[in-house]
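Residue numbers (my numbering): 275 to 433.
The structure appears right after this line, and notes come after that.
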C-alpha cells in the first residue's frame, strides 16, 4: 500500500511577517476493502492521486485520478479509471466547470451472456451566469461483441 501527501506553500515575508499566499497539496492513496472472505479477491480496491490548491482561484484546477476495481460475488468488474477536473473561480457559461472521464481498462464478460470489450464516457458540466442552473454535455461509447454503440446527451438541471 502506498500513501503519501506532499504540501507546497508559497509565502511572502514583509517586515518580518510571513503570510501564506497559497498551499498546493498532492496526495496518493490506495484503499482496499477485503470483504467477509479473507481468502477471496478484495471486494473493492481504489487507488489514485489528487492535487488541489488553496485558495482555488480562477485559472487553478483541482485534479483527481483514480482506478476502481470492484468484485461482488460472481460479478467481477475489471478496473475502471476515472479522471476528474474542477476549474476554480468564476467561469463564463462557455467554459467547463467540471470534467469527468471514465474508461473501462479491460474487457468485461457480463454474466457469460456477452462481452463488453470497451467502454468510455465523458461529461462536461457548465454553469449559466445566473448561478443556479447547470447544463451538461456528455457522450458514451460502448463496444459489445465487436459492435460499437455511441450516445450523446445534453441536459440541464438546477442545483
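Even glycine gets a Cβ: it sits at the ideal position worked out from N, Cα and C.
The alpha-carbon separation between residue 409 and residue 383 amounts to approximately 34 Å.
The region 328 to 336 makes no contact with the region 302 to 312, as fewer than three CB pairs between them are under 8 Å. Residue 387 sits exposed, since fewer than 16 C-beta atoms from the chains shown fall within 10 Å of its C-beta.
The beta carbon of residue 346 sits closer than 7 Å to those of 317, all from its chain and outside the five residues before and after it, given in chain order. If you ignore the 5 residues before and after residue 372, its C-beta comes within less than 6 Å of the C-beta of 360, 399, all in its own chain and listed in chain order. Take the alpha-carbon of residue 305 and the one of residue 397: they are about 26 Å apart.
Excluding five sequence positions before and after residue 285, the CB atoms of its chain that fall closer than 8 Å to its own CB belong to 292, 293, 294, 295, given in chain order. Closest in C-alpha terms to residue 349, from the list 336, 315, 424, comes 315. By DSSP's assignment, residue 398 forms a beta bridge with 373, 411. By the CB criterion at 8 Å, residue 370 and residue 353 fall outside the cutoff. In terms of Cβ geometry, residue 414 and residue 392 do not form a close pair [threshold 8 Å]. Taking 8 Å as the cut-off, the beta carbon of residue 377 is found no closer than this to the beta carbon of residue 418.
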